[in-house]
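First comes the structure, then the notes that go with it.
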Amino acid sequence: MYMKRKIHFLYAGVIVLMLSFTACNDMWDTHYNGSTEQQKSNLDLYSYIKTVPDLSLFAEMLEITGYDTILNKPTTYTVWAPHDIALLGVDMADTASLREIVRNHISRFSYPTTGLSSKSVYMLDKKVITFRQSADNVTFGGVPLINEASNIAVSNGILHTIFGYVPYMDNLWEYIGKAPELDSLRAYLYAQSVYEFDADASVEIGTNDKGQSIYDSVILFSNPILDKIGALHMEDSTYTALLPTNSAWALAYDKIKDKYKMLGADAAKKQHLNTQWALVKNLIFREIVDDVAAVDSVTSTIGNVYKNPAYLFENATKNIHSNGVSYVTNEIAFKAEDSYQQSIKIEAENSTYGRTSLYANLFIRSGLGTAFSVSDGKYLLCEPNTTALSTPNSVTIPIPNTLSGTYNVYCVFLPSNIVASEDTRPYKAKFYLSYMGADGKQVTNATINSLNTVVNKPGSISAIFNTKASVITKMFVTKFTFPYCNLYTKGDPVSNITTSIKVENGTKVNESALFDRKLRIDYIILEPVQ
C-alpha cells in the first residue's frame, strides 16, 4: 500500500538571498518607542499588519497570494513579518516565490517569546524553523526579532516583526524537482507520484476574475518509490542523498541494464523499470553525512552498508536542504556486489520460497550448543526414507532474484559429527540446476559434471562431489551465467521462481560405513562474478 500524507501544494520559485540590516539598527531603535511590553489589539492579524507602515510589502504579499483571507479568520496563527527593508529586492510579480516566503513566515498556534528557550516551529509550508531565545536576542531562523514590534497579541494570534526574512529552503524532493542536470532521476521518481485534491481539508481563499473559487489546496500525495527509500518530501526526517546527474545516470544505466533481461510481452518495459529501480534504491542514506571523509560506513535506507564510503561522494557537489544534504555526482560509483548484484544466500532450513524433496524426510535442526558456527543458528537435515538403490534422497531449493549475470554457486554442508562427535563420515553429493534457458524455455535439473560445468543433456549423469570430514564444507558447485533474470516480488506465487538447485545424496547403501547418506545443509549461496 502506498503511503498517503497531506501536504500543502508548493510552487517552485526562486530562493531569495537574505539582506543585511546591521546598518539599519539605529533607524529601527529610534523608530520604535522602546517599550518591550506585549501590545494588544482587537484587530485580526491581516488587518493589524495593514496598519503598520513598515510591513506594507508583506501585507501586499499576503494580498497577492491570498493569505490575507487566511489571516483574518478566527484560527490562531503566529506571523513573523519581515520589515519592508528586508523585502526591497523581492520580485512582487513572482507569485510562486511570494507564496514560498509567506508560508515560511506563518505558523498555526501561538508562539510568544515569554518563557522561550528554543522551539522547533512547523510553518504552513511544513518547514521546521527554530524560534530561539539567546543571551543577546530572540531569533527566528537565525534572524533577530525587532523587540519593540514583536509579541503583539491580536484577536487571532501573535505578530512578531523581524529584521530580515528566512529564505525558503528546498527539501530533497523539491530540489530533485527543479535542479538542473537531474532530469533523468527526476523523470523516474516523479513519474511514480499520484496527487489527489482533498476538497474537505482545503480552504477557500477567494475567487478569480471568472468568479471561480481559489483554494489554499491540500493535496493527498503518494509515491511507492518514496515508500521504499524514504519520505524525501517530508520535513520530519533527515537524509543524505546521492543524486546522479544525467550523464551519471546514462552511464550507469547502460552498464547494468543487461543484468535485467526479461521474458514476456512487456519484457522491455520491465527491464527498463527494474534497471531504474536498481540505480535508485541505494542513493538515500539515513545519516546526515556532513564530512564524507570522517565516516567509516553509511547505510542506505533499504539496509545496505557501505564501508569507507568516501569513494561514493568523490568530486560530488554538496547542497544543504531543509531535511538533509545532497551530493550531486557525475558518477554512480557503487560496486555491483554492494548494490545491484549482491550475493544471494538461501538458508536451507527456510521454506519461504517453497521446497521439495524426493525419498527423504526433511527436518530443521539447531546448531546451538555444537562446536560449529551455523548460519542463522539452524540447518536442514535431509534424511533418506528408503534403502532402494534407484531412489536417492534429495532436496530441491528455489533460488529467487538471480540476475541475468554470472554467479559462482556454492552449497555449504555441516559435518556428521555436529550431532555425534565420533561420526567422521563425509557426504557424497550430486547437484542439478534448473533455470530459464536462452531460448526462453524452462531447463529442469541440468546436471553438474566433474568440471563444475552445467550440462543440459537428457540422460546425462551428475558428477559426485565429496565433502570434507569433520569440518564445514563450502562446496563449489558451478560457475554459471543466467540468460534471464528471475526476480521475485513478495506476494507473488513461489511457482514464479524459475531457478533452483537440487542437492542429491550420492552415497550408495553399501557405502554407508564410509559415507553418511544423510545430508546436513546449512545454506546455498550464489556469489556474483563481475
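Using this note's numbering, the letters of the sequence shown correspond one by one to residues 558 to 1087. Glycine included, C-beta positions come from ideal geometry on N, C-alpha and C.
What does the alpha-carbon distance come out to for the pair residue i and residue j?
| i | j | result |
| --- | --- | --- |
| leucine 971 | alanine 835 | 35 Å |
| valine 976 | leucine 937 | 13 Å |
| glutamine 899 | phenylalanine 1037 | 15 Å |
| valine 846 | proline 669 | 35 Å |
| threonine 1024 | glycine 787 | 45 Å |
| asparagine 918 | asparagine 861 | 36 Å |
| leucine 612 | tyrosine 605 | 10 Å |
| leucine 1076 | arginine 982 | 11 Å |
| leucine 1071 | cysteine 939 | 18 Å |
| isoleucine 782 | histidine 717 | 40 Å |
| asparagine 887 | methionine 819 | 29 Å |
| leucine 645 | phenylalanine 615 | 10 Å |
| isoleucine 889 | arginine 656 | 36 Å |
| alanine 580 | glycine 721 | Below a pLDDT of 50, predicted positions are generally treated as unreliable, and alanine 580, at 38, falls in that range; no measurement from the model is reported. |
| alanine 995 | asparagine 1002 | 15 Å |
| valine 1012 | valine 1000 | 11 Å |
| leucine 840 | alanine 798 | 6 Å |
| glutamate 904 | lysine 676 | 50 Å |
| isoleucine 1081 | serine 750 | 38 Å |
| valine 1086 | leucine 1044 | 18 Å |
| phenylalanine 920 | isoleucine 1078 | 11 Å |
| leucine 673 | isoleucine 703 | 16 Å |
| asparagine 661 | leucine 681 | 7 Å |
| alanine 543 | isoleucine 1054 | Given that the chain is displayed from residue 558 to residue 1087, the structure contains no residue 543 and the question cannot be resolved. |
| isoleucine 1005 | alanine 928 | 32 Å |
| glutamine 690 | isoleucine 663 | 19 Å |
| leucine 946 | serine 1069 | 12 Å |
| leucine 1083 | arginine 912 | 18 Å |
| tyrosine 589 | histidine 640 | A caution first: tyrosine 589 carries a pLDDT of 38, below 50, which makes its placement in the model too unreliable to give a value. |
| serine 1007 | aspartate 784 | 47 Å |
| leucine 789 | isoleucine 954 | 39 Å |
| serine 978 | valine 931 | 16 Å |
| threonine 593 | threonine 633 | The pLDDT assigned to threonine 593 is 40, lower than 50, so where the model puts this residue is not dependable, and the model offers no usable value. |
| lysine 838 | serine 1052 | 26 Å |
Would you mind reading off the limits of the beta strand (DSSP E) that contains residue i?
| i | result |
| --- | --- |
| tyrosine 967 | 963-970 |
| tyrosine 679 | 675-679 |
| asparagine 907 | That residue, asparagine 907, is in no beta strand (DSSP E); it is neither H nor E in DSSP. |
| valine 636 | 634-639 |
| arginine 665 | 663-665 |
| serine 914 | 913-915 |
| proline 955 | 951-955 |
| valine 862 | 862-864 |
Looking at the secondary structure, which residues open and close the alpha helix (DSSP H) in which residue i lies?
| i | result |
| --- | --- |
| alanine 653 | 652-660 |
| methionine 618 | 613-622 |
| aspartate 784 | 781-786 |
| lysine 607 | 602-608 |
Among all the DSSP beta bridges, which residues are the ones paired with residue i?
| i | result |
| --- | --- |
| phenylalanine 754 | Ile776 |
| proline 1085 | Tyr964 |
| isoleucine 1054 | Looking at the DSSP assignment, isoleucine 1054 forms no beta bridge with any residue, so it has no partner. |
| phenylalanine 920 | Leu938 |
| valine 882 | Thr797, Ile877 |
| leucine 1076 | Cys939 |
| asparagine 1062 | Ala986 |
| serine 770 | Thr764 |
| isoleucine 889 | For isoleucine 889, which the question treats as bridged, DSSP gives no partner whatsoever. |
| asparagine 872 | According to DSSP, asparagine 872 bridges with nothing at all. |
| serine 857 | Phe842 |
| isoleucine 903 | Ile1081 |
Is the distance from the Cβ of residue i to the Cβ of residue j below 7 Å?
| i | j | result |
| --- | --- | --- |
| valine 723 | valine 760 | no |
| valine 855 | tyrosine 863 | yes |
| serine 961 | lysine 816 | yes |
| valine 966 | threonine 909 | no |
| phenylalanine 1039 | threonine 959 | yes |
| asparagine 803 | glutamate 738 | yes |
| threonine 635 | glycine 698 | no |
| serine 1027 | asparagine 1067 | no |
| arginine 843 | threonine 858 | yes |
| asparagine 880 | glutamate 792 | yes |
| asparagine 728 | histidine 878 | yes |
| valine 969 | lysine 1031 | yes |
| lysine 875 | tyrosine 884 | yes |
| valine 659 | tyrosine 603 | no |
| tyrosine 984 | threonine 943 | no |
Exercise. Mind pulling the alpha helix (DSSP H) runs of 4 or more residues that sit fully within the segment 792-855?
Worked result: 803-813, 824-837
For this session: Please go through the segment 685-746 and give each complete alpha helix (DSSP H) segment of 4 or more residues, from N-terminal end onward.
Result: 729-735
For this session: Please specify which runs of the beta strand (DSSP E), each continuous and at least 3 residues long, are wholly inside the segment 959-1041, giving them in chain order.
Result: 963-970, 985-993, 999-1005, 1030-1038
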